[in-house]
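Here the sequence shown is numbered in the numbering used here, starting from 1134 and rising by one per residue. Quick reminder that beta carbons are idealized off the backbone N, C-alpha and C, glycines included.
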Amino acid sequence: MQTRRDRTAPSRRGSAPRPPTWYHASARPFTALAPLDDAVDADVCVVGGGLTGVSAALALAERGYRVVLLEAGQIGDGASGRNGGQLVTGFSCDMRELRRHAGPAASRAMWDMGLEAMALVRSRVARHAIDCDLRRGYLFAAGTPRQRAGLAETAEDWATVYRYTGPRLLDRPDLTRLVGSDSYVAGLADPGGGQIHPLEYLRGLAGAARLAGTAMFEHSRVLAIERAGGRNCVRTAQAEVRARFVVLAGNAYLEGLHPPLHARLAPVASHVAVTPPLTPGTLRRIMPGNVAVCDWAPAPDYYRVTGDARLLFGAGARYRAGDDGGRDRFLKRRIARVFPSLDPVQLDCSWSGLIGVTRTRIPDIGRSGPDLFHAQGFSGHGVALTGLAGVLVAEAVAGTAERFDVFAALRHRPFPGGALRGPLLALAASWFRLRERLG
Ligand SMILES: Cc1cc2nc3c(=O)[nH]c(=O)nc-3n(C[C@H](O)[C@H](O)[C@H](O)COP(=O)(O)OP(=O)(O)OC[C@H]3O[C@@H](n4cnc5c(N)ncnc54)[C@H](O)[C@@H]3O)c2cc1C
1134 MQTRRDRTAP
1144 SRRGSAPRPP
1154 TWYHASARPF
1164 TALAPLDDAV
1174 DADVCVVGGG
1184 LTGVSAALAL
1194 AERGYRVVLL
1204 EAGQIGDGAS
1214 GRNGGQLVTG
1224 FSCDMRELRR
1234 HAGPAASRAM
1244 WDMGLEAMAL
1254 VRSRVARHAI
1264 DCDLRRGYLF
1274 AAGTPRQRAG
1284 LAETAEDWAT
1294 VYRYTGPRLL
1304 DRPDLTRLVG
1314 SDSYVAGLAD
1324 PGGGQIHPLE
1334 YLRGLAGAAR
1344 LAGTAMFEHS
1354 RVLAIERAGG
1364 RNCVRTAQAE
1374 VRARFVVLAG
1384 NAYLEGLHPP
1394 LHARLAPVAS
1404 HVAVTPPLTP
1414 GTLRRIMPGN
1424 VAVCDWAPAP
1434 DYYRVTGDAR
1444 LLFGAGARYR
1454 AGDDGGRDRF
1464 LKRRIARVFP
1474 SLDPVQLDCS
1484 WSGLIGVTRT
1494 RIPDIGRSGP
1504 DLFHAQGFSG
1514 HGVALTGLAG
1524 VLVAEAVAGT
1534 AERFDVFAAL
1544 RHRPFPGGAL
1554 RGPLLALAAS
1564 WFRLRERLG
């Protein structure tokens, strides 16, 4: 395994290209899919081969629709193949905030759908026999008394409003049974959360979608969508799909294909790295609970132990990927702060990805034109919610849009700042994080 290199960079020595992430290095082989090179007809064309697009394709194909999925690069090239693999309860937006935006009835429905999203991951993994290291157990960690108070209020809110009573607030020394770090004063242990190898999961879903009849193509970037004769025509450089319905699932990578949609997202870079495999003794000391951990800060540290005993550690938000050295230095600093005993930190591999953040941090799921659906902006909380978003889109295509409309009714405004919206948001996140650390 290469050290201190961005595996997304092409090999300069002409040897076999390096896998872009540890996920790619550790996943079972996935047969490359050919680009679309012809004009084809379909009922639905899905744009984007991440968890949202693949979930939508699977749900639609299971309903009997003829589905074509077009992915610009390879399946999982976007956030879905490079995230922290954390299965997090709820939404990126605090539920009290979400109630203010959506009202009590819609927010209740959203909470229930959030729990359904977690259950959907488990049921799809079981049903399609996807080997993706799915494990239960989650910890939100508080570094300051103020964060502890925030966690306590959240637990109280979840319990009283939604009857979600599983999480337990832990103070030291109970907390140290889950995570061996002096960085935290308290934590909220949530047995409903968990972790997963996201690329294995995505590829497993893609396999299921293809078995159900989806025609899936890689290296088929969509360049334009035109409306003609009551249908949408989805064009790549060398092919086109004529379909009544189109699903836009490009999230933070969608760029210029639909500018108004993209303007409602701030694409923010987050970085992830893995250490070499750690000894059982080290793991018992730093991660005795073997749960996924995320701190309760605006731009959080998130980490877990992989199936092959590495610490997989992510941190953000930053507004640019930066060079390999800068990213490694940044991640090493963050790891050493949480686990000083690992200093000097060794990294086997690091990479970056783009998180699509909405202004409210509520997912942006809705219609963006005639028979044109979209789902984006999971704001760092998408591993589970994307699966449900795909199901909701399939329901809407089939004409049962009640649940889809719970999300579609929310208004998502563009970010101010145009191209600077990513940097501005990252700057704000850093400022809030600094304020949190100062207590
Ligand atoms: C570093 C990082 C860590 C994260 N950690 C977590 C976590 O631990 N837990 C969690 O819940 N969430 C996490 N997230 C968020 C989560 O990964 C995303 O919400 C989720 O993967 C979004 O899936 P998606 O399918 O909507 O988008 P993506 O996975 O980004 O997929 C979009 C796809 O669309 C393709 N595309 C774009 N434009 C076109 C076009 N014109 N034509 C064809 N294809 C196109 C892209 O190539 C890409 O493959 C993280 C995100 C990042 C970046």
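Near ligand 1: Asn1365 beta-carbon under 6 angstroms from a heavy atom: no
heavy atom of ligand 1 below 6 angstroms from His1514 C-beta: yes
Other residues of its chain near Arg1268: CB distance less than 7 angstroms, five sequence neighbours each side excluded: Gly1327, Gln1328
Beta-carbon proximity of Ala1345 to Val1201, cut-off 7 angstroms: Between Ala1345 and Val1201, the C-beta gap is not smaller than 7 angstroms, which leaves the two residues out of contact.
Cβ neighbour criterion (16 or more within 10 Å) applied to Arg1360: By the beta-carbon neighbour count (other beta carbons within 10 angstroms, threshold 16), Arg1360 is exposed.
Bridge partner(s) assigned by DSSP for Leu1573: Within the shown structure, residues of the chain are numbered from 1134 to 1572, placing residue 1573 beyond reach of any answer.
Residue nearest to Pro1278 in terms of C-alpha spacing, selected from Thr1298, Leu1253, Arg1305: Per the C-alpha coordinates, the member of Thr1298, Leu1253, Arg1305 positioned closest to Pro1278 is Arg1305.
Gly1206 Cβ short of 6 angstroms to ligand 1 heavy atom set: yes
Own chain partners of Ala1385 with C-beta closer than 7 angstroms, once the 5 adjacent residues on each side are dropped: Ala1212, Leu1398, Pro1400, Leu1487, Ile1488, Gly1489
The stretch 1166-1173 in contact with the stretch 1511-1530 per 3-pair CB rule at 8 angstroms: no
Cβ-based burial, Pro1421 [other Cβ within 10 Å; buried from 16]: Counting other Cβ atoms within 10 Å of its Cβ, Pro1421 stays below 16 and is therefore classed as exposed.
Beta-carbon gap between Cys1482 and Val1407 smaller than 7 angstroms: yes
Integer Cβ distance of Arg1573 from Arg1364, believed to fall under 8 angstroms: Because residue 1573 is not part of the residues shown, which for the chain are 1134 to 1572, the question remains open.
Boundaries (first-last residue) of the alpha helix (DSSP H) holding Trp1291: 1278-1295
Three-way DSSP call (helix, strand, coil) for Phe1163 in this model: Coil.
Anticipated Cβ contact below 8 angstroms, Leu1332 with Ala1160, distance rounded: Confirmed, Cβ separation roughly 5 angstroms.
Complete runs of the beta strand (DSSP E) confined to the stretch 1185-1258 [at least 3 residues]: 1200-1203
C-alpha gap between Leu1220 and Gly1362, whole angstroms: 43 angstroms
Among Gly1337, Ala1275, Ala1235, nearest to Pro1162 - alpha-carbon criterion: Selected option, being the one with the closest Cα: Gly1337.
CA nearest to the CA of Pro1473, picked from Pro1433, Arg1418, Ala1542: Arg1418
Limits of the unbroken alpha helix (DSSP H) element including Arg1417: It spans 1413-1419 - the alpha helix (DSSP H) in which Arg1417 sits, taken as one unbroken run.
Cβ shell of Thr1185 (< 6 angstroms), same chain only, five flanking positions each side left out: Ala1382, Ala1508, Thr1519, Ala1522, Gly1523
Own chain, CB closer than 6 angstroms to Ala1285, minus 5 neighbours either side, in chain order: Leu1302
Check whether Leu1480 and Asp1461 have beta carbons under 7 angstroms apart: Taking C-beta atoms as the reference points, Leu1480 and Asp1461 count as a pair closer than 7 angstroms.
Alpha helix (DSSP H) segment containing Glu1333, residue limits: Note, Glu1333: alpha helix (DSSP H), 1331-1344.
Counted within 10 angstroms of its Cβ, other Cβ atoms place Ala1288 as buried (16 or more) or exposed: buried
Any non-hydrogen atom of ligand 1 within 6 angstroms of Arg1492 CB: no
Through-space distance from Ala1239 to Arg1140, alpha-carbon basis: Note on Arg1140: pLDDT 33, under 50, position unreliable in the model; no value is reported.
Member of Gly1320, Gly1197, Phe1446, Pro1153 whose CA lies at the smallest distance from the CA of Val1478: Phe1446
Nonlocal neighbours in the same chain, by C-beta distance under 7 angstroms from Thr1439, ignoring five residues either side: The residues Val1407, Leu1445, in chain order, have a CB closer than 7 angstroms to that of Thr1439 in the same chain once the five nearest residues on each side in sequence are set aside.
Sequence-distant residues of its chain with Cβ nearer than 6 angstroms to Gln1280 (five each side left out): Contacts found: Trp1429.
Backbone secondary structure at Pro1153 - three-state DSSP: coil
Helix, strand or coil at Pro1400 [DSSP, three-state]: strand
Residue range of the unbroken beta strand (DSSP E) whose run includes Glu1373: Per DSSP, Glu1373 is one residue of the beta strand (DSSP E) stretching across 1373-1381.
For Ser1474, three-class secondary structure by DSSP: helix
Beta-carbon proximity check, Asp1290 vs Met1246, cutoff 7 angstroms: Their beta carbons are not under 7 angstroms apart, which means Asp1290 does not touch Met1246 by this criterion.
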